[in-house]
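Participant: Following this note's numbering, the numbering of the sequence shown begins with 342 at its first residue and continues without gaps. The beta-carbon is built from N, C-alpha and C at its ideal position, and this holds for glycine as well. As the structure is a prediction and not an experimental result, all values here were calculated from the model.
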Amino acid sequence: MRIVFSLISLLLAGCAALPQDTPAGSRTTLALLETTDLHSNVLSYDYYKLAPDASLGLERTATLIRQARAEFPNNVLLDNGDTIQGTALADYQALVAQVDCGQVLGIYKAFRQLGYDGTGIGNHDFNYGLAFLSQVTGNRFDVDGVDPAKPVCAGPNFPQVLANVYSIRSGKPLFKPWHIIDKRVQATGPDGKPLEATVRVGIISFVPPTILTWDKRWLEGKVRTEGVKETAQKYLPEMRAAGADLVVAISHAGLDDSPYSPTMENGSWHLAQVPGIDAMLIGHSHQQFPNAASTVPQFNLPGVDKARGTVHGVPTVMPSLWGKQLGVIALQLRHDGKRWVVEQDKTNVAVRATQTGEKRFVDADPAIAPLLAQEHEDTIRYVKTPIGTSTIRMSTYFADVGDVSAVQLVNEAQAEYLKRYVQANLPQYANLPVLSVASPFKAGSAGVTDYTDVAPGPIALNNAADLYLYPNSLQGVKVNGAELKAWLEKAAERFNTIDPSKTAPQELVNTGFPGYNFDMMTGADVRYEIDVTQPPGKRIGKLEYRGVPVQAAQEFIVATNNYRAAGGGGFPALDGSRTVAATPDNNRDVLIAHIQATRTVRPALARSWRFTPVLTKGPVVFHSAPGKLELAKAAGLTTVTQLKADDGLGRGFALYAIELR
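#1: Express the C-alpha separation of S396 and L436 in angstroms, rounding to a whole number.
#2: Round the Cβ separation of A671 and T688 to the nearest angstrom and send it over; I've been treating them as touching at under 8 Å.
#3: According to DSSP, is Y389 helix, strand or coil?
#4: For V775, which option in D916, V867, G470 and G911 has the closest C-alpha, if you only look at C-alpha atoms?
#5: For V889, count neighbouring Cβ atoms within 10 angstroms of its own Cβ and tell me buried if that reaches 16, exposed if not.
#6: When the distance is taken between beta carbons, is A801 closer than 7 Å to T726?
#7: CB-CB under 7 Å to A357, same chain, minus the five flanking residues each way: which ones, in chain order?
#8: If you draw a straight line from the alpha carbon of D860 to that of I871, how long is it in whole angstroms?
#9: Under a Cβ-count criterion, where at least 16 other Cβ atoms within 10 Å of its own Cβ denotes burial, should S511 be classed as buried or exposed?
#10: Taking the beta strand (DSSP E) that L674 falls in, what are its first and last residues?
#11: Should the region 459-475 be called in touch with the region 736-748, which here means at least 3 C-beta pairs below 8 Å?
#12: Alpha carbon to alpha carbon, how far is A973 from Y738? Give it in angstroms, no decimals.
#13: Please state whether DSSP places D987 in a helix, a strand or coil.
#14: Here's the rule I'm using: 16 or more other beta-carbon atoms within 10 Å means buried, otherwise exposed. How should P755 be labelled?
#15: Can you grab the Cα-Cα spacing for the pair T539 / D362, in whole Å?
#16: Please go through the same chain and pick out, in chain order, the residues whose beta-carbon is closer than 7 Å to the beta-carbon of D704, but skip the five residues on each side of it.
#17: Just how far apart, CA to CA, sit L351 and F547?
#18: What span of residues does the alpha helix (DSSP H) with L759 cover, start to end?
#19: Per DSSP, V899 forms a beta bridge with which residues?
#20: Quick check on DSSP: helix, strand or coil for R410?
#21: Below 8 Å CB to CB, which residues in the same chain sit around E561 once its five sequence neighbours on both sides are set aside?
#22: Are there 16 or more other CB atoms within 10 angstroms of the CB of K879, so buried, or fewer, so exposed?
#23: Determine the DSSP secondary structure at K524, reduced to helix, strand or coil.
#24: Give the secondary structure of T651 by DSSP, where H, G and I count as helix, E and B as strand, and everything else as coil.
#25: Are H627 and L662 close, meaning C-beta to C-beta below 7 Å?
#26: Could you tell me the alpha carbon to alpha carbon distance between L353 and L399, rounded to whole angstroms?
#27: Assess, as a yes-or-no matter, whether the region 964-972 is touched by the region 751-768 under the definition of 3 or more beta carbon pairs within less than 8 Å.
#28: Pair every Cβ in the region 671-687 with every Cβ in the region 630-649, then say whether three or more of these pairs are closer than 8 Å.
#29: Between P550 and P603, how many whole angstroms is the CB-CB distance? I'm expecting something under 8 Å.
#30: In chain order, which beta strand (DSSP E) runs of at least 3 residues are fully inside the region 842-923?
#31: What does the alpha-carbon distance come out to for the pair V724 and Y386?
#32: What's the C-alpha gap between P944 and A922?
#33: From A845 to R835, what distance separates their C-alpha atoms?
#34: Taking DSSP as the reference, what is the three-state secondary structure of M580?
#35: Going by DSSP in three states, P707 sits in which element: helix, strand or coil?
#36: Which full runs of the alpha helix (DSSP H) of 4+ residues lie inside the region 593-629, going along the chain?
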């Protein structure tokens, strides 16, 4: 019986790969619809501020999906990854009241409702470990830590693919590397008459190989990665041989024209040069592509058309993050007698935004919220758990110009924890100074509401999650003075180079450098200046520890997170080799414990860094939420002024200026 079944399967597979009975010259339009970097933002709700937020949420994107499907009846809906992590809802389902084997993860309920045709996997999908990812995706990974005796759990009812991550134990891909979707479409024959046909859409997914460093604690010794080019070159012929008309690369990576490396983070620029890719859905960078007005360096590379949305001629889209946009590639297809082929000159690429005007957004799809009603209520109840109080307001509206109110508490907690850990576990380093770095995770990149803001008074778990956004683990790295300076130099790339002689306004902040990479120290022990009139790499001056210039060979232990310690962000010397303390606790848990122990947080702001004073002939400007000037003054930033309540760019930001003195 088993032999007969196998023969039938082989025959069916062979038949599926045969040429279709579709006349040469037939034409159709097939729209690829992409979401990416949803980070578990299913509902239009901010669990950190405990308030609705119409600017985000898959329930808003769902309306765009419905509209796009009405316009393009022939469509394929795909997600790029970074799906299951990123909100308090995600943390609740993974860490607090973990979904059981028979339950479907909240965001996958929404995907089912919307009829996704398939998804890729992103780097943050590994943040909760392989056992959790195996469970919620309905897989059984052949790796240590995943019980082979347990049943396969409930998961999505659509294919999930990932081609470049392999089990070390079995040598096989962790997920199915590719899948072919047989999509029935309405087409027009060469005689102009309508007909029905099938387009065989092959999807293949790639994740940054750097997951091995970012999530080393979960992945080391269990999986290995492969470069995106090599992986594509291996599997694309298989996909074509299996009958794929089209190959769609779901690449959870941005664009980087640096010399190719199998371990590079943003390999999509190189991937697009692999012959045989018909369209590329990209992500990870949280940007909009195409966007003719974009100044982001990765979209101004050779071979990249940021207006048409092509990379080396391949139609490509990236719809930012959190469900704010939907990517649409309207592929114009012609049948050549053997298969469907893309007419690139007639294909259109666009992103569609949920925001329709100033403070106006499309309505939420009413079918989504009821799916997660219980999970939503449980999460809100959980994050309201009180843990302490604060005497000051802690925000990141002016973190780029020196407000450390939301960063200092994190640094205090990290430094105190690491000091105790070193004394108890690493006596050989007990005499070394312990420092701490933290960054403003929410610095406006996702919109005018994308800032940490914790009011004075009671502090609850949601506030701690607002101050520390990611489920990182705390690590300590040993660096010398030269390496510490190089670390700060890299962080100072957050700023553009300012020409003091220019009379025209100059933008201070380099928006291509993420706020979560703007590491800063706080406290009385360390002092340094950032001279933004100097080029990157030559900006850090007067670096002192306890009033004495830091020497190149002087050693420190610095508290940070596993992402940074393992090389995340490309910081010099940080590649995992400097890690001396891989602690068992998450940074956020360390922060929560610190607040609970302190009970009342009374931070006297201790800013370690300042801009090197310089007189500029024209204004130095930056953007933040409007009407927040009093917060800058409270942080001691007396040279900040608000120039315009509306900067005129249509995103609701105000225009501010700062005198660099």
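Facilitator: If we stick to the structure as given:
#1: Taking the first residue of the sequence shown as 1, we reach residue 436 at position 95. Taking the first residue of the sequence shown as 1, we reach residue 396 at position 55. So the alpha carbons of these two residues sit roughly 27 Å apart.
#2: On the sequence shown, position 330 is the one that residue 671 refers to. On the sequence shown, position 347 is the one that residue 688 refers to. That belief holds up - the Cβ atoms of A671 and T688 are roughly 6 Å apart, short of 8 Å.
#3: Locating residue 389 in the sequence shown gives position 48, where the first residue counts as 1. In this structure, Y389 counts as coil in the three-state DSSP scheme.
#4: If you number the sequence shown from 1, residue 775 lands on position 434. Closest by alpha carbon: V867.
#5: What you label residue 889 is simply residue 548 of the sequence shown in a count that begins at 1. Exposed, since its Cβ has fewer than 16 Cβ neighbours within 10 Å.
#6: Within the sequence shown, residue 726 is the residue found at index 385, counting from 1. Within the sequence shown, residue 801 is the residue found at index 460, counting from 1. Yes, the pair counts as a contact, with Cβ atoms nearer than the cut-off.
#7: Here residue 357 corresponds to residue number 16 of the sequence shown, with the count starting at 1. Reliability fails at A357, whose pLDDT of 41 lies under 50, so the model's placement of it is uncertain and the value that follows must be treated cautiously. Correct list, in chain order: G584.
#8: The residue given as residue 860 occupies position 519 in the sequence shown. The residue given as residue 871 occupies position 530 in the sequence shown. About 13 Å.
#9: Position 170 of the sequence shown holds residue 511. When all chains shown are included, S511 counts as exposed.
#10: Along the sequence shown, one-based indexing puts residue 674 at 333. Q666 to H676 is the span of the beta strand (DSSP E), which, as asked, contains L674.
#11: no
#12: Here residue 738 refers to the residue found at position 397 of the sequence shown. Here residue 973 refers to the residue found at position 632 of the sequence shown. When rounded, the distance between both Cα atoms is 8 Å.
#13: Residue mapping note: residue 987 aligns to position 646 of the sequence shown, counting from 1. D987 falls in the coil class under three-state DSSP.
#14: The count along the sequence shown starts at 1 and reaches residue 755 at position 414. Looking at the sequence provided, one finds Gln at residue 755 rather than Pro. The residue is buried, with at least 16 neighbouring Cβ atoms inside 10 Å.
#15: Residue numbering aside, residue 539 sits at position 198 when the sequence shown is read from its first letter. Residue numbering aside, residue 362 sits at position 21 when the sequence shown is read from its first letter. C-alpha separation (whole angstroms): 9 Å.
#16: The residue labelled residue 704 in the question sits at position 363 within the sequence shown. Around D704: T404.
#17: If you number the sequence shown from 1, residue 351 lands on position 10. If you number the sequence shown from 1, residue 547 lands on position 206. Only weak support is given to the placement of L351: the predicted model assigns it a pLDDT of 35, under 50, and the value that follows is read from those uncertain coordinates. Their backbone Cα atoms lie some 28 Å apart in a straight line.
#18: Locating residue 759 in the sequence shown gives position 418, counting from the first residue. Its alpha helix (DSSP H) spans residues S746 to N766.
#19: Within the sequence shown, residue 899 is the residue found at index 558, counting from 1. Answer is L776 and V818, bridged to V899.
#20: Translated into positions along the sequence shown, residue 410 becomes position 69. Reduced to three states, the DSSP call for R410 is helix.
#21: One-based indexing of the sequence shown puts residue 561 at position 220. Counting only Cβ-Cβ distances below 8 Å, and skipping sequence neighbours, we find L553.
#22: On the sequence shown, residue 879 is found 538 positions in, with the first residue counted as 1. Exposed, by the Cβ-count rule.
#23: Stepping through the sequence shown from its first residue, residue 524 is reached at position 183. Strand, per DSSP.
#24: Residue mapping note: residue 651 aligns to position 310 of the sequence shown, counting from 1. Looking at T651 - three-state DSSP - the assignment turns out to be strand.
#25: Residue mapping note: residue 627 aligns to position 286 of the sequence shown, counting from 1. Residue mapping note: residue 662 aligns to position 321 of the sequence shown, counting from 1. The answer is yes: Cβ separation under 7 Å.
#26: Stepping through the sequence shown from its first residue, residue 353 is reached at position 12. Stepping through the sequence shown from its first residue, residue 399 is reached at position 58. Its pLDDT being 37, under 50, L353 is placed unreliably by the model, and the measurement read from it follows with that caveat. Answer to the nearest angstrom: the Cα atoms are 37 Å apart.
#27: no
#28: no
#29: Residue mapping note: residue 550 aligns to position 209 of the sequence shown, counting from 1. Residue mapping note: residue 603 aligns to position 262 of the sequence shown, counting from 1. P550 to P603, Cβ: 6 Å. Contact.
#30: Unbroken beta strand (DSSP E) runs of no fewer than 3 residues, entirely contained in the region 842-923, are found at 867-871, 881-886 and 896-902, following chain order.
#31: In the sequence shown, residue 724 corresponds to position 383, counting from 1. In the sequence shown, residue 386 corresponds to position 45, counting from 1. Rounded to whole angstroms, V724 to Y386 spans 13 Å at the Cα level.
#32: Translated into the one-based positions of the sequence shown, residue 944 becomes position 603. Translated into the one-based positions of the sequence shown, residue 922 becomes position 581. Distance between the alpha carbons of P944 and A922: 27 Å.
#33: By one-based count along the sequence shown, residue 845 stands at place 504. By one-based count along the sequence shown, residue 835 stands at place 494. In a straight line, the C-alpha of A845 is about 21 Å away from that of R835.
#34: Locating residue 580 in the sequence shown gives position 239, where the first residue counts as 1. Residue state, collapsed to three classes: helix.
#35: Counted from its first residue, the sequence shown places residue 707 at position 366. P707: coil per DSSP, three-state reduction.
#36: 609-612
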